[in-house]
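Those protein sequences? They're chains A and B, same order as listed.
Plus 601 on top of the position in the first sequence (first one is 1) and you've got this note's numbering.
Plus 35 on top of the position in the second sequence (first one is 1) and you've got this note's numbering.
Beta carbons: idealized from backbone N, C-alpha and C, even for Gly.
Given the structure is predicted, the values throughout are model-derived calculations rather than measurements.
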Amino acid sequence: MHRRQKPGALEHKRDLAAHGGALSMSHNDTRSFFNFSQLVLSAGHLKSPPVLKHSKITYFEVEILDMQSKKQICIVDKVPPSSTLLDVKHKFHKACPQWYPSRVGLQLERNGPYLKDSINIQSLAVSSIITLYFTDLGQQVGWTTFFLTEYTGPLLIYLLFYIRLSTIYDQVESTKNFRHPVVHLACFCHCLHYIRHLLETLFVHKFSGGHTPLKNMIKGCAFYWGFTSWIAYYINHPRYTPPSFGHRQVSFAALAFLMCEAGNHFINVTLAHQNHSGSKACFPSPTYNPFTWLFLLVSCPNYTYEVGSWISFTVMTQTLPVGIFAFLMVIQMSLWAQKKHKLYLKRFYPEVRRKAAMIPIIF
Amino acid sequence: MAASGSGGGSRADNGYGSQQPRRRKGPGALATAYLVIYNVVMTAGWLVIAVGLVRAYLAKGSYHSLYYSIEKPLKFFQTGALLEILHCAFGIVPSSVVLTAFQVMSRVFLTWAVTHSVKEVQTEDSVLLFVVAWTITEIIRYSFYTFSLLNHLPYLIKWARYTLFIILYPMGVSGELLTIYAALPFVRQSGLYSISLPNKYNFSFDYYTFLILVMISYIPIFPQLYFHMLHQRRKVLSHTEEHKKSE
């Protein structure tokens, strides 16, 4: 082979020399490069690396069927194997614009669990076509919207009752009766509570970007707004009876309320900081701040402080409807605290073992 | 209210595709035995009430004021239905606790908080209307459960359960609404179960308004339950038709 080329190269060299002898400096280089390139080209079949030659990306096809009717809605094709379910949902949204990703619930089998967005497509595939069942999860709202609506309502509703609208209360009685200072204090505390919640939603909490069905928001709002109307009606009523133990009861309860509010705030800040710095690998630890010392005794001190706020508010106003509301909140918070506590037990076993879920020592 | 055969949709042994095809393990042998006894006792109890009504009618010659003759068994056996909530809570009956609680509580509310508490309505004819509706429904319902648990359900009972409600349910609801309506003036007059301001705990409750709200709540709830039962009827009775044809 080599020998055959040599005369060819020589021929070519002569041509080059004939065409342009001006490039005498690079001539040598060109020649040697040319020689080398000829050598490579003429080398024939080299043993080629197998990966480079035979690799090909297999794209997946995702077939989306309606769960109820089993009819095909659409096929999402050209899905690269490294993509996640969220990418598929985005592609599906492009094909069918009315189903935006947070509203789409996809299952592997007809009555199975909903698949998480972060699941890799490749882990689901048994062949190059994947079949998924679609359920419409309903209109979704973001968590920030959810909380803002839920907390603004009570704030405004209570104030409506506080100013004693003539349609709610009898005007004659309203103007006649002297208002006990505890009524003003109660309004202040109630507004403080909800303003704090609103500010925390806006500036402190970091939501994981999830969504929740609109129905949940309606239920939550109905509960909070309904109860706020009920309690505001009695506290601001002209015939309101101040607490039996007078100023002592009110001051003590108000102090407890303020402490619980502060505690709740500091705990939320601590949790948000932890979330932010990404160190979710360990249980939040108490700092120099005395309010965070509750972390030593309890795994969900934010719920403890919330419950504490509402119980102090009940004692401060001595109103049965507030008591009923506080009772329901205690039940709700206990359920949430228990769930979270179980999660913590699994994740941070040794530390959390001796802690209670919400109320120190007891529960 | 819960009335005639409502809740049939979500009660035990009504499977037939009304629920998701989940693998549910049924009640154990001991639970089944207890449930059979419970249902037999309830069937017997409501039969006693039925017999009591008939005897009182024959003795008196008129259908007015028959309530007094069956007052005690009615209270006893209707209150006994509270156990059904526990059955659901403990899982031996595959029904929703909330739904069952709602139905039973509405019945118990009518028996105690309206008919027993407001003595003046006990002579009303509307009371007889709902008592008869309840009696017939409950006899059929409890015998349906008994036979289902023993796996020997005669078609007649199933047919009766899913058909008679068409008349009995509206009959029961009318009787209940008329009774509550009759009770209203007496409640207003006596201030029954009502607290007014001012009081130490800053709470008020007006039973009169509460009763009116209860009456209004029948408007959305009754049609829903009624059509649910009609839907169930179509499903269950047509399913049996197919079953029979295939045999």
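Item to complete: With a threshold of 16 other CB atoms inside 10 Å of the CB of Glu774 of chain A, please say whether the residue is buried or exposed.
Response: It is exposed - the Cβ of Glu774 of chain A has fewer than 16 other Cβ atoms within 10 Å.
Discussion item. Is there a Cβ of chain A sitting closer than 9 angstroms to that of Leu88 of chain B, yes or no?
Written reply: Chain A has no Cβ within less than 9 angstroms of the Cβ of Leu88 of chain B.
Fill in: Short-range partners of chain A found in the region 231-247 of chain B, where Cβ spacing is below 8 angstroms
Answer set for the region 231-247 of chain B: Leu232, Pro233, Asn234, Lys235, Tyr236, Asn237, Phe238 and Ser239.
Discussion item. Whether or not the region 769-786 of chain A and the region 744-755 of chain A are in contact is what I'm after, with contact meaning three or more pairs of Cβ atoms, one per stretch, closer than 8 angstroms; do they touch?
Written reply: In short, these stretches do not touch, since the Cβ pair count stays below three.
Worksheet item: Taking any Cβ of chain B, which residues in the region 916-948 of chain A have a Cβ under 7 angstroms from it, in chain order?
Response: Taking 7 angstroms as the Cβ-Cβ cut-off, the region 916-948 of chain A approaches chain B at Gln919, Thr920, Leu921 and Pro922, given in chain order.
Worksheet item: Are Gly864 of chain A and Phe892 of chain A close, meaning C-beta to C-beta below 9 angstroms?
Response: Gly864 of chain A is a Cβ neighbour of Phe892 of chain A, given a cutoff of 9 angstroms.
Worksheet item: Does the distance from the CB of Pro129 of chain B to the CB of Tyr841 of chain A come in under 9 angstroms?
Response: No, these two residues do not count as a Cβ contact at 9 angstroms.
Worksheet item: Under 9 angstroms Cβ-Cβ, which residues of chain B neighbour Tyr841 of chain A?
Response: Chain order gives the chain B residues near Tyr841 of chain A as Leu232, Pro233 and Asn237, where near means a beta carbon separation below 9 angstroms.
Item to complete: Measure from the C-beta of His838 of chain A to each C-beta in chain B and report whether the shortest distance is under 9 angstroms.
Response: For His838 of chain A, at least one C-beta of chain B is nearer than 9 angstroms to its own C-beta.
Discussion item. Please identify the residue among B:Val71, B:Leu118 and B:Leu163 whose C-alpha is closest to the C-alpha of Ser178 of chain B.
Written reply: Cα-wise, what sits closest to Ser178 of chain B is B:Val71.
Discussion item. Between Arg57 of chain B and chain A, is the shortest Cβ-Cβ distance under 9 angstroms, so that the two count as touching?
Written reply: Note that Arg57 of chain B scores a pLDDT of 48, beneath 50, so its modelled location is shaky; the value from the coordinates is reported in the next line. With 9 angstroms as the cut-off, Arg57 of chain B counts as an interface residue toward chain A.
Item to complete: Write down the C-beta distance between Lys672 of chain A and Leu666 of chain A rounded to the nearest angstrom, noting that I regard them as a contact closer than 8 angstroms.
Response: Right, their Cβ atoms sit about 7 angstroms apart.
Item to complete: Could you tell me which chain B residues have their CB closer than 8 angstroms to the CB of Ser845 of chain A, listed as they occur along the chain?
Response: In chain order: Lys235.
Practice prompt. Indicate the three-state DSSP secondary structure (helix, strand or coil) for Leu248 of chain B in the structure shown.
Written response: Looking at Leu248 of chain B - three-state DSSP - the assignment turns out to be helix.
Worksheet item: Taking buried to mean at least 16 other C-beta atoms within 10 Å of its own C-beta, is Arg269 of chain B buried or exposed?
Response: Classification of Arg269 of chain B: exposed, given that the 10 Å Cβ count is below 16.
Worksheet entry | Thr745 of chain A: first and last residue of the uninterrupted alpha helix (DSSP H) it sits in | In the DSSP assignment, Thr745 of chain A falls within the unbroken alpha helix (DSSP H) covering Trp744 to Tyr763.
Worksheet item: In the structure shown, what three-state DSSP assignment does Phe240 of chain B receive?
Response: In this structure, DSSP gives Phe240 of chain B an extended state, which the three-state scheme calls strand.
Discussion item. Contact criterion: CB-CB distance below 9 angstroms. Does Tyr835 of chain A meet it with respect to chain B?
Written reply: Interface criterion met: the Cβ of Tyr835 of chain A is under 9 angstroms from a Cβ in chain B.
Worksheet item: Mapping DSSP to helix, strand and coil, what is Gly210 of chain B?
Response: Three-state result, Gly210 of chain B: helix.
Item to complete: Indicate the three-state DSSP secondary structure (helix, strand or coil) for Thr732 of chain A in the structure shown.
Response: In the three-state reduction of the DSSP assignment, Thr732 of chain A falls in the strand class, which pools E and B.
Worksheet entry | First and last residue of the uninterrupted beta strand (DSSP E) at Lys235 of chain B | From DSSP, Lys235 of chain B is part of no beta strand (DSSP E); its letter is neither H nor E.
Worksheet item: Which two residues bound the contiguous beta strand (DSSP E) that contains Lys679 of chain A?
Response: For Lys679 of chain A, the enclosing beta strand (DSSP E) begins and ends at Gln673 to Val680.
Worksheet item: So His812 of chain A and Gly743 of chain A are in contact, right, with Cβ under 8 angstroms, and what is the actual spacing, rounded?
Response: Rounded, the Cβ-Cβ distance is 6 angstroms, consistent with contact.
Worksheet item: How many Å lie between Cys822 of chain A and Gly754 of chain A at the Cα?
Response: Each residue's alpha carbon lies about 8 angstroms from the other.
Worksheet entry | Spatially closest choice to Trp937 of chain A from A:Glu907, A:Lys717, A:Phe634 and A:Ala854, by CA coordinates | Nearest of A:Glu907, A:Lys717, A:Phe634 and A:Ala854 to Trp937 of chain A, Cα basis: A:Glu907.
Worksheet item: Within 10 angstroms of its Cβ, does Asn74 of chain B collect 16 or more other Cβ (buried), or is it exposed?
Response: That one is buried.
Worksheet item: Where does Leu227 of chain B fall in DSSP's three states?
Response: Coil at Leu227 of chain B, not helix or strand.
Worksheet item: In angstroms, rounded to a whole number, what distance separates the CA positions of His263 of chain B and Tyr92 of chain B?
Response: The straight-line gap from Cα to Cα measures roughly 35 angstroms.
Discussion item. Helix, strand or coil, according to DSSP, for Val663 of chain A in the structure here?
Written reply: In the three-state DSSP reduction, Val663 of chain A falls in the strand class (E or B).
Worksheet item: What does DSSP give as the partner residues of Ala957 of chain A in its beta bridges?
Response: According to DSSP, which records beta bridges pairwise, Ala957 of chain A is partnered with A:Val899.
Worksheet item: From Leu260 of chain B to Val139 of chain B, what distance separates their C-alpha atoms?
Response: Approximately 14 angstroms between the Cα atoms of the pair.
Worksheet item: First and last residue of the beta strand (DSSP E) that includes Gln157 of chain B?
Response: Careful: Gln157 of chain B lies outside any beta strand (DSSP E) and carries neither H nor E.
Discussion item. Mapping the DSSP letters down to three states, classify Leu199 of chain B as helix, strand or coil.
Written reply: Reduced to three states, the DSSP call for Leu199 of chain B is coil.
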